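Counting in my numbering, the sequence shown runs from 31 upward without gaps.
First the structure, in the form of structure tokens, and then the observations on it.
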Amino acid sequence: MDTTWRKSSYSDGTGGDCLEVADTHPTHIPVRDSKNPGPNLTLRPEAWSTFVENLKAPAARSN
Numbered sequence: 031m032d033t034t035w036r037k038s039s040y041s042d043g044t045g046g047d048c049l050e051v052a053d054t055h056p057t058h059i060p061v062r063d064s065k066n067p068g069p070n071l072t073l074r075p076e077a078w079s080t081f082v083e084n085l086k087a088p089a090a091r092s093n
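Dropping the structure here:
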């Protein structure tokens with residue numbers, strides 16, 4: 031299966047601190063640094079969902 035990477039729409043396009051995610055795999059979610067597309071971190075879908083929900087939480091945006 032080919033991996034299609036995508037960045038958040040919040041990325042500013044300057045090559046800064048961005049994550050890329052490939053969420054087309056049913057059993058795992060690869061995540062990598064957009065500046066260094068080498069090795070990636072692989073998460074279970076449940077862990078990825080928890081991560082994203084925590085980012086959306088008001089406490090995460092207060093800093």
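Just so you know, even glycine gets a beta-carbon here, dropped at the ideal spot from N, CA and C.
None of the values given here were measured: they were computed from a predicted structure.
Buried or exposed (CB count within 10 angstroms, at least 16 for buried), residue 70: As a position in the sequence shown, residue 70 is number 40, starting the count at 1. So residue 70 ends up on the buried side.
Three-state class that DSSP yields for residue 67 in the structure shown: Translated into the one-based positions of the sequence shown, residue 67 becomes position 37. Here residue 67 sits in strand by DSSP.
Three-way DSSP call (helix, strand, coil) for residue 72 in this model: Against the sequence shown, residue 72 aligns to sequence position 42. Residue 72 falls in the strand class under three-state DSSP.
Residue 60 - DSSP class collapsed to helix/strand/coil: The residue you call residue 60 lines up with position 30 of the sequence shown. Strand.
Under 7 Å between C-beta atoms of residue 59 and residue 49: The sequence position of residue 59 within the sequence shown is 29, counting from 1. The sequence position of residue 49 within the sequence shown is 19, counting from 1. No.
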